[in-house]
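Notes for the one structure printed next.
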Amino acid sequence: MKKKVMTVDDSRTMRDMVSFTLRGAGYEVIEAADGQQAMSAIATAKVDLVITDLNMPVMDGLTLIRKLRAIPAHRTLPILMLTTEADESKKAEGRSAGATGWIVKPFNPDKLVSVVQKVCG
Amino acid sequence: MDDLSRFKQTYFDESAELLAVAESGLLRLAPGEVDMDEVNAIFRAVHSIKGGGGAFGFNDLVAFAHEFETVMDGVRNGDIPVTTILVDTLIRANDVLARMLAHAADGTDAPAGTTDDTVAALRRVLVQADAAPGTAVPAAPPAAAPPTHYADDEDDEAGIFGDALAAIQAARDDAAPAGTVPAGTVPEGKLRWTVVFRPKADLLLSGNEPTYMLRALRRLGDAEVVCHLDSLPGLAALDAELLHMSWTVTLLAGPEVGRPQIDDVFEFVADDCDIQISVEAPPPAVLPAGRADAGTASPGVGPAAPAEPALPAVQAAPAAPPVPSAPTQAAPGTAAGNGGKPRTGGPAGDHAGPAAHTIRVDLDKIDRLVNMVGEMVITQAMIAEHLRDLPPGQFQELLEGLEGLAQHTRELRESVMSIRAQPVSSVFSRMPRLVRECAAMTGKEVVLVTSGETTEVDKTVVENLVDPLTHMIRNSIDHGLEGPEERERTGKPRAGTVHLSAAHRSGRIVIEVTDDGRGINRAKVLSKAIEKGLVQPGATLTDEEIDNLIFLPGFTTADQVSNLSGRGVGMDVVRRNISSLGGRIGVYSTPGEGSRFVLSLPLTLAVLDGMVISVGEERFVLPLTNIVESLRPKPADLHGLVNKCDVIMARGEYVRLVHLHRLFGIPKAIDDATRGLVVLVETEDGARLGLVVDEVLGQQQVVIKSLEANFRRLDGVAAATILGDGRVALILDVAGLREMSRHGAGTAPGGPASANSLSGSLPPPQTTPRPTARPVLAERPESHQRQPV
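These protein sequence lines map, in sequence, to chains A and B.
Residue 61 in this note's numbering sits at position 59 of the first sequence, with consecutive numbering throughout.
Residue 196 in this note's numbering sits at position 173 of the second sequence, with consecutive numbering throughout.
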């Protein structure tokens, strides 16, 4: 069965790129434009991985990660954060919020796929 | 990265939207009342443009966006006070960003120095903020090339994950070698890696899954995995969410696999797990030259490279957490105003960018859909027409079904049309910027009021509104509004008001630009018109006619051509643009109180509700919106004006009669209006006309087919269509008919004249201003009853 990945990003360009790349690699992809949408989408869809941008309107990525981790069912859900900053403090912040890992933008498609495989097979 | 190029268009489309978001946000940004949601929205817009630009390698653009973003970040954090100067700088930066995007879209490099001034201005802002945080310092020194560095990570393709690896490596290097792995037989050309992986017990809770890491190791080569269960607790003490296992993986991999590839597998967990990696190579004697590549492939990565193959090199690393994740360690050289501050600290605004429940569709696809629906409307009308002859009482179900089909066709058509509909706000939202610039240039104070932004109209119409509206607003500010002093002298508020409104009215969209300025100076307009030979000296014109002179080609009242309007593109161009869309424009002015420009446009350019009429053997379609009523006149109602034309007394008003068969040279048509019918029509500016026709056949929706695209332009004809029976019918242009009849009816009252000879005999239209029957447009539509037959 295909693994389902949710990409959360307010940038349609970024969502499109993530979706296209991952679909090409055999994943099913659903999209959300902010943390709030992601929360409601995940309530009904079972996802195997969340890839979230950090800086988003309505609900930002770190809040999303914390909220997801607070839900027992998602305690072990892999969550990757997309960050433009290769900044260690950002990664530490994400990690303490509960992020599984990170992807630094810009990334090339191969990199994205390999990171995704690393955390959700 | 070729895969990414297909997203470029999305990126540019989205960036255009983001630029608009940023611009409207910046225009609302004012000192003292800073809306943080707004600021966040602007920041995000710039941030997203930068992020996407990085993906496509638009380095200049990214570098500039970064400068812009840095300042926005400062504003967001309250480090940079909002001043008028700042807002101006940011608006300029937004413009420059738009230019950079345009260059990126064209695939050209922006000319060197495009961004220099703006970057300098942005950096000045930063330096000032540093000099006196939290306070406005407009007079700070203009900063000689401030040493603003920034962590330009985004450009650093090679550096993706690089510093994370460096951190891991640092941890490795700090650690002392521990233990020795016994040397086995390593096949030629291979390296044997031994990885001992002892995850932290709560690893799963960060979403990491050791299985996938082991699997990833397997992908690198032949791996043998040994699982250690020694610390596995008894069942009673077992916590399913904790990990109690550790693994030893022996990996035989080719020279292309180096330490980075293996480190990469544990990238996210290196800090919390005990990972020991060691490598051994085959004996040196058989070391092939290619093997050295493995060493150079991971330069400086570690002493584990096969550069020292003689001994089983051992590199063990109990990964102590010291260096990498300390939050205090900001990237060196981070921008001054940016600092190590978290980017996402602020409260999340609700200024979402583009709505999420939209899809982006190529306009061609929609056009095809519109066209197909159009054809379907025709087919449906055709079936309906054929079945009209059926004997009543029979085929009841068929007729009912057909009725349903008719209704669904109509709904389908409306739905399809609504896909193309856009609120005019997309045009209106560009106007505050324009007003601001015009006000600055003319030194006038202007308040722009808009209403009816949500009024929807076809996309093509929206697009074509930009230029006319821009010109009309410029015109209102430049010519209409007085300067603040003059306004005070006449008892008006210092700031002039320009009101831009949109509304639906009788199947059309009506847009008004109203100003409370000085109104049209009729004496001046008239004298200018006479001076330019547009009007005969001594001609008597009504006020309305004089006002409308400003639409004549070559007309300008400005004594001096100002920087704004009056650059040779006059209101005549506006009128021409509007007419080409099937629209009309008129002006209504009261001296001393202001002017009102009214323009009306069809909601869509594709389908029309029409009345089919017959003249002789020909069929014509009259737009329903033009029709007031149809009547059969009594002989007493008709009056002939000598050498002029026939008129009819209709509802207490004399209306000129136009015999369509004469105008178009149609034989075998009814000439006597008392035997045929008169359809009373009204043009957009309120002038009335009585069309003499043989018969009114009925109302029908018709699909507009451009005559110009398929044939050529004809006077008095707006377009063509295909009727239900497959015949082609021309759609009449009432205003055009009026023009034709004014020039033609008097000269050829008797015999039929061909359309060609008629249009050829037209005198230049600008010699006579249009007489306007109705003084004020606003009273028009409601005051007449419409009685479509």
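We put the CB at the ideal spot given by N, CA and C, even for glycine.
Check, Outcome
"Please name the residues in the stretch 225 to 239 of chain B whose beta-carbon is closer than 8 Å to at least one beta-carbon of chain A, in chain order.", "Leu227, Leu228, Ser229, Gly230, Asn231, Glu232, Thr234, Tyr235, Met236, Arg238, Ala239"
"Per DSSP, what kind of secondary structure is lysine 551 of chain B in: helix, strand or coil?", "helix"
"Tell me, please, whether the stretch 634 to 653 of chain B touches the stretch 545 to 559 of chain B by the rule of three or more beta-carbon pairs shorter than 8 Å.", "no"
"Taking contact to mean at least 3 C-beta pairs separated by less than 8 Å, is the stretch 91 to 105 of chain B in contact with the stretch 121 to 136 of chain B?", "no"
"With 16 as the cutoff for other CB atoms within 10 Å, does valine 536 of chain B come out buried or exposed?", "buried"
"For the alpha helix (DSSP H) holding isoleucine 285 of chain B, just list the boundary residues, first then last.", "282 to 288"
"Considering only the beta carbon of each residue, do leucine 604 of chain B and leucine 755 of chain B sit closer than 8 Å?", "no"
"Report the option in B:Phe79, B:His89, B:Leu120 whose CA atom is closest to the CA atom of alanine 43 of chain B.", "B:Leu120"
"Following the continuous alpha helix (DSSP H) through threonine 46 of chain A, name the residue where it begins and the one where it ends.", "37 to 46"
"Using the three-state DSSP reduction, which class does glutamine 419 of chain B fall into: helix, strand or coil?", "helix"
"Here's a check: name, in chain order, each residue in its chain whose Cβ is nearer than 7 Å to the Cβ of alanine 34 of chain A, leaving out the five neighbours to either side.", "Met8, Val10, Ala40, Ala43"
"Starting from proline 625 of chain B, trace the beta strand (DSSP E) in both directions and tell me its first and last residue.", "617 to 625"
"Suppose only complete runs of 3+ residues qualify. What are the beta strand (DSSP E) ranges in the stretch 390 to 453 of chain B, listed by chain order?", "444 to 446"
"Using only the alpha-carbon positions, how far apart do arginine 406 of chain B and aspartate 412 of chain B sit?", "The displayed chain sequence assigns isoleucine, not arginine, to residue 406 of chain B. If I take the Cα positions, the gap works out to 11 Å."
"For chain A, check one thing: does any of its Cβ atoms lie closer than 8 Å to the Cβ of alanine 189 of chain B?", "With a pLDDT of only 47 at alanine 189 of chain B, under the threshold of 50, the placement of this residue in the model should not be trusted; the figure read from the coordinates follows. No, alanine 189 of chain B does not count as interfacial toward chain A."
"Below 8 Å between beta carbons is the criterion; list the residues of the stretch 45 to 60 of chain B that meet it against any residue of chain A, in chain order.", "none"
"Please state the DSSP three-state secondary structure of phenylalanine 81 of chain B.", "coil"
"Based on the DSSP output, what are the partners of aspartate 632 of chain B in its beta bridges?", "B:Gln724"
"Please work out which residues of its chain come closer than 6 Å, Cβ to Cβ, to alanine 27 of chain A, disregarding the five sequence neighbours upstream and downstream, and give them in chain order.", "Val115"
"Measure from the C-beta of serine 1 of chain A to each C-beta in chain B and report whether the shortest distance is under 8 Å.", "It is not possible to answer for residue 1 of chain A, since the shown part of chain A is limited to 3 through 123."
"Tell me whether the beta-carbon of valine 597 of chain B lies closer than 8 Å to the beta-carbon of serine 653 of chain B.", "no"
"Measure the Cβ-Cβ separation of glycine 103 of chain A and valine 121 of chain A and say whether it is below 8 Å.", "yes"
"Flag this pair as touching only if the stretch 419 to 429 of chain B and the stretch 505 to 517 of chain B have three or more C-beta atom pairs under 8 Å; answer yes or no.", "no"
"Check whether chain B comes within 8 Å of lysine 5 of chain A, counting only Cβ atoms and requiring the distance to be less than that.", "no"
"With 8 Å set as the bound, which would you pick, yes or no: does the beta-carbon of glycine 100 of chain A sit closer than that to a beta-carbon of chain B?", "yes"
"Would you kindly report the start and end of the unbroken alpha helix (DSSP H) that includes glutamine 119 of chain A?", "111 to 122"
"Within 8 Å (strictly less), CB to CB, does leucine 114 of chain A reach chain B?", "no"
"Note down the Cα distance separating alanine 354 of chain B from arginine 242 of chain B, rounded to an integer number of angstroms.", "Legend: pLDDT at alanine 354 of chain B = 38, less than 50; position of this residue unreliable, value from coordinates given subsequently. If I take the Cα positions, the gap works out to 33 Å."
"Sorted by chain position, which residues of the same chain lie with C-beta nearer than 7 Å to glycine 739 of chain B's C-beta, five sequence neighbours on each side aside?", "Leu686, Leu755, Asp756, Gly759, Leu760, Met763"
"Tell me whether alanine 246 of chain B sits in a helix, a strand or coil according to DSSP, three-state version.", "strand"
"Quick one: residues in its chain with C-beta nearer than 7 Å to the C-beta of arginine 531 of chain B, no 5 flanking neighbours on either side, listed in chain order?", "Ser623, Leu624, Pro625, Leu626, Thr648"
"From what residue to what residue does the beta strand (DSSP E) around phenylalanine 643 of chain B run?", "641 to 646"
"Rounded to whole angstroms, how far is the Cβ of alanine 45 of chain A from the Cβ of isoleucine 32 of chain A, which I believe are closer than 8 Å?", "That pair is no contact at about 12 Å."
"Could you compute how far the alpha carbon of aspartate 112 of chain A sits from the alpha carbon of glutamine 151 of chain B?", "44 Å"
"So within the stretch 448 to 487 of chain B, which uninterrupted alpha helix (DSSP H) runs reach at least 4 residues, ignoring any that extend past its ends?", "448 to 451, 454 to 465"
"With which residues is phenylalanine 220 of chain B paired in a DSSP beta bridge?", "B:Trp270, B:Ile298"
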